[in-house]
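So the protein lines, in turn, are chains A and B. Numbering-wise (my numbering), the first sequence opens with residue 1 and increments by one. Numbering-wise (my numbering), the second sequence opens with residue 225 and increments by one.
There are 2 protein chains.
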Amino acid sequence: MTATAPEAHPAEPGSPPPGRRERKKLQTRESLIDAAFRLFAEKGFDATTVEEIADAVDISSRTFFRYFASKEDVALTFQEEQSRALMAALAARPPDEPIMTAIRRTVVGITRACENGELGFDPQRFECMLSMTSDSGALMAGSLEHAQRKHREMTQVIGARMGLDPATDLRPHVVAATVMAAFRAASEALADPNFPYTTLSEAADAAFAVLEEGLNLPAPQNGR
Amino acid sequence: MTATAPEAHPAEPGSPPPGRRERKKLQTRESLIDAAFRLFAEKGFDATTVEEIADAVDISSRTFFRYFASKEDVALTFQEEQSRALMAALAARPPDEPIMTAIRRTVVGITRACENGELGFDPQRFECMLSMTSDSGALMAGSLEHAQRKHREMTQVIGARMGLDPATDLRPHVVAATVMAAFRAASEALADPNFPYTTLSEAADAAFAVLEEGLNLPAPQNGR
DNA sequence: CCACAAACTGTCATGTGATGACATATGTCG
DNA sequence: CGACATATGTCATCACATGACAGTTTGTGG
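This is the structure:
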């Protein structure tokens, strides 16, 4: 968690990964993720040990840690892809949209894509992540920390879109944080059975709607 | 982190703790916190081991874990007190204040109190927490998770103040999340030397100001 | 094709956080 | 004081994580 990851990213160079070595590495990595999520879904995050994951792919646990910095890290690959997609989609929105509108549409769009499995991975993983995250405190913590790190990138992207320098203007920071917040509020509402929302994208859309209405207003007792 | 805490709270019953046993327990607890923060300040959070903390108070490390559920937990006692104070202060605001205004004043007030040591603990701890949290990923994660848990209480308090039921209305959730977000944005701005803020309370006030102005507006190139 | 360098892997050892089990010491109360 | 509850220490154990070293595979160049 705390240490720097072993940069085992999906690889970026030329489309045909030059050597067989690279291919094998990628394959091992994917197998690990697969096995991990299978076990997570089956026994939960905390109850799954690194050794089990490693055994499932027939490598030593030591080697596992050469692919992922921590157990959380495997699960977080998911959020990593998600936020990568999100950032890209945001950058592609028409530049004349007001910022929150652009963000709302982006977030809701990406979330929906996740739910529908249009993002290159099994939508079951999406659901798996959601439940695991609320079950395991450790994963929750890791997930929040990951979001926090992404937050910084997000601030840059938002700043660029707003034409404001995040180094000197607070506004991009506040916008970025607020977006995360809306998303988080949506997650909680989704977990609560009292709410009518059945999908995260739906709940997120509602949260953004609240945000756009403005927050300060409803003074306690009189219809505003 | 993930497990439930050993409910070793400051104790709540009659002002004079009945027996000597309770007193000793309380004292041990305080000593542990003291020793922990001394070591944290000296060597950092990650580099301090539970054994060292325990040794400093001359108890076994096993006993340490009977007082605190985890190493993070010791550091988080701080945030615990802080959010307790915050929640109380919020509930005490005049009920006719618009919600965000009430929150802004509460948060800024409590933060200032922390900075000035008016909250029953050494303000150095405040600073210590700030730097530790940004240095240690583990503590950062723990801190975020703690905030997440507090978030739920906060949502209730805010809901009550707004006269809205958090079980069926998204708005209290979004407000609570947004407040946390503003606070977090302020923390980051404070860490960045480019910003002119020298205290967290100052940065937080600025963040809330941005929030009150509204977020959606600045379309990229033309004055809104 | 062979030799060499680089990189991947396994094994072993170690440190740390966290928890269960059990015996012991200490405070509490009749 | 004696019975009881609770706190603590010791010991054992597990899981995550990392460093060190050796063996193996792969890529490269003669």
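For every residue, glycine included, the Cβ atom is placed at its ideal position computed from N, Cα and C.
Against chain B, the beta carbon of A/Arg184 has neighbours under 9 angstroms at Gln372, His375, His397, Ala401, Met404, Ala405, listed in chain order. Here A/Glu153 is exposed: its Cβ has fewer than 16 other Cβ atoms, across all protein chains shown, within 10 Å. For B/Met386, the closest C-alpha among the options B/Ile323, B/Arg373, B/Phe407, B/Leu354 is that of B/Ile323. Only those residues of the stretch 310-335 of chain B whose C-beta falls short of 7 angstroms from the nearest C-beta of chain A are listed: Pro319, Asp320, Pro322, Ile323, Met324, Thr325. With contacts defined by Cβ atoms closer than 9 angstroms, B/Leu363 and B/Gln306 do not form a contacting pair.
The beta carbon of A/Ala113 lies closer than 8 angstroms to those of Ala85, Leu119 in the same chain, with the five residues before and after it left out. For B/Ala433, the number of other beta carbons within 10 angstroms of its own is below 16, and it is reported as exposed. Under the three-state reduction of DSSP output, B/Ala271 falls in the coil class, being neither helix nor strand.
The Cβ atoms of A/Glu188 and B/His397 sit closer than 9 angstroms to each other. Sequence-distant Cβ neighbours of B/Ala409 in its own chain, meaning closer than 7 angstroms and more than five residues away, are Ala431.
The C-alpha of B/Glu246 lies about 17 angstroms from the C-alpha of B/Phe289.
Taking a contact as a CB-CB distance under 8 angstroms, the pair A/Ala181 and B/Ala405 counts as one, their CB atoms being some 4 angstroms apart.
For A/Ala207, the chain B residues whose C-beta falls within less than 9 angstroms of its own C-beta are Leu394, His397, Val398, Ala401, listed in chain order. From the listed residues A/Asp135, A/Ile33, A/Thr101, the smallest Cα separation to A/Asp46 is found for A/Asp135. Judged by beta-carbon spacing, B/Thr301 lies beyond the 9 angstroms limit of B/Ala313, meaning their Cβ atoms are not closer than that value. In the DSSP annotation of this structure, the continuous segment of the alpha helix (DSSP H) that includes A/Ile99 starts and ends at 99-115. Scanning chain B for C-beta atoms nearer than 7 angstroms to the C-beta of A/Ala141 yields Met225, Ala365, Gly366, Leu368, Glu369, reported in chain order. A direct Cα-Cα distance of roughly 21 angstroms separates A/Asn194 from A/Val108.
Under the DSSP assignment, B/Glu437 falls in the alpha helix (DSSP H) whose first and last residues are 424-437. In the three-state reduction of the DSSP assignment, B/Ser284 falls in the coil class, being assigned neither a helical nor a strand state.
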